[in-house]
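Shown next, in structure tokens, is the structure this report addresses.
There are 2 protein chains.
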Amino acid sequence: MSEPQSSRANLSIGDVSELTGSSIDTIRYYERVNLMPEVERTSGGHRVYTDEHIRRLAFIRHSRALGLSLEQIRQVVDGTEGGSYSCEEWQSLLNLCAEGIVRQIDDLRTAERNLREMIDACGQAELPNCRVVERLLAGEIPQ
Amino acid sequence: MSEPQSSRANLSIGDVSELTGSSIDTIRYYERVNLMPEVERTSGGHRVYTDEHIRRLAFIRHSRALGLSLEQIRQVVDGTEGGSYSCEEWQSLLNLCAEGIVRQIDDLRTAERNLREMIDACGQAELPNCRVVERLLAGEIPQ
DNA sequence: AAACAAATCTGGAGCTACTCCATGTTCCGG
DNA sequence: CCGGAACATGGAGTAGCTCCAGATTTGTTT
């Protein structure tokens, strides 16, 4: 009677999938790797979800979109649930993440630049044999 | 006596690894997935490499740095060796690649923007409880 | 030549973050 | 009570490596 109303949803895995946009397989996967709170079962073994699970899934999705790995998310979840994850820890984790992302962007931009050069070089030469591929194959084009 | 001088190197896999910067495991892996030309063996079974292998490895490394998948590289290698890979095909492959990279960069930039917002939000509030993590955990922060 | 250490061999497992599959069981409307 | 949809489980597959154990080969030293 005094249960928190917010955890009463009683949803099937299909419902949860539609609500959150995560696939059924993904939801079960998150459970298997201990990212989800415990899930009740019907007498027949079907999973029964509550609002808490919906929120956890939303958290995972948001964090993934921020570029966090499942391992990092697990750390935050465990730390926060245990009450030990401070604001500072959270910030430094996010900062680490941001650095990684900046590095990835740099790498990709370099790749794009090289790609464009390659495409241009290929287009400028007299067709049908611009030899760019051959030179690449021969290992002549570095960087 | 009239062998092409350029294919005479006679290198061990360790030598090749040092020369190219690819790990021994990676070199064997490329062989297993048919990205490398045939490799001779000593009577005892050790691999013996030539300059051709060095060039192929360089090609793979450059192409990987351009963002090509091993499957795409295989296509180019096979196509070029068979003489059937034209400049146009090569260009359209590179263009496809470039599109993918642009998409990835966009995604990463979005992630970075969101991360920065999150970090700022975490920093502005009165410590020690800025509640940003809690709100995220509760699924309240979307996008 | 014998001994020894370093390098190499093979096959297989493990990683991330899912996705897909076959086969079997449960749920629910009519 | 029956049929079909939804669910359960275990296992395999993806990319691109990396790492491991245990056996063999190679090259150097004595």
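Order-wise, the sequence lines are chains G and D. Sequential numbering from 0 applies to the first sequence in numbering that gives the first Met the number 0. Sequential numbering from 0 applies to the second sequence in numbering that gives the first Met the number 0. All residues carry an ideal CB built from backbone N, CA and C; glycine is no exception.
query                                                                                                                       : result
Own chain partners of S16 (chain D) with C-beta closer than 7 Å, once the 5 adjacent residues on each side are dropped      : S22, I23 and I26
Contact set for I100 (chain G): own chain, Cβ-Cβ below 7 Å, skip 5 residues either direction                                : G66
Beta-bridge partners of L176 (chain G), as assigned by DSSP                                                                 : With chain G represented from 0 up to 142, any question about residue 176 (chain G) goes unanswered, as that position is not in the structure.
Validate contact between the region 105-118 of chain D and the region 69-77 of chain D using beta carbons, cut 8 Å, 3 pairs : no
Within-8 Å CB hit, I118 (chain G) to chain D                                                                                : yes
E37 (chain D), buried or exposed, once every other Cβ within 10 Å from all chains shown has been counted against 16         : exposed
Pick from D:S85, D:H45, D:Y48 and D:M35 that is closest to R55 (chain D), judged by C-alpha positions                       : D:M35
Pair within 8 Å by beta-carbon distance, I53 (chain D) and L95 (chain D)                                                    : no
Where E37 (chain D) falls: helix, strand or coil (DSSP)                                                                     : coil
Cβ pair T41 (chain G), R7 (chain G) closer than 8 Å                                                                         : no
Beta carbon proximity, N113 (chain D) to chain G, threshold 8 Å                                                             : yes
V32 (chain D), buried or exposed, once every other Cβ within 10 Å from all chains shown has been counted against 16         : exposed
Coil, strand or helix - G43 (chain G) by DSSP                                                                               : coil
N183 (chain D) to I59 (chain G) span [Cα, whole Å]                                                                          : A query on residue 183 (chain D) cannot be resolved here, the shown segment of chain D reaching from 0 to 142 and no further.
I12 (chain G) at chain D interface by Cβ criterion, 8 Å                                                                     : no
N9 (chain D) burial status per 10 Å Cβ neighbour count (16 or more: buried)                                                 : exposed
Closer than 7 Å: E70 (chain D) CB and nearest the ligand GDP heavy atom                                                     : The ligand GDP is absent from the structure shown, which contains no ligand whatsoever.
Whether L93 (chain D) touches I118 (chain G) by CB criterion (8 Å)                                                          : yes
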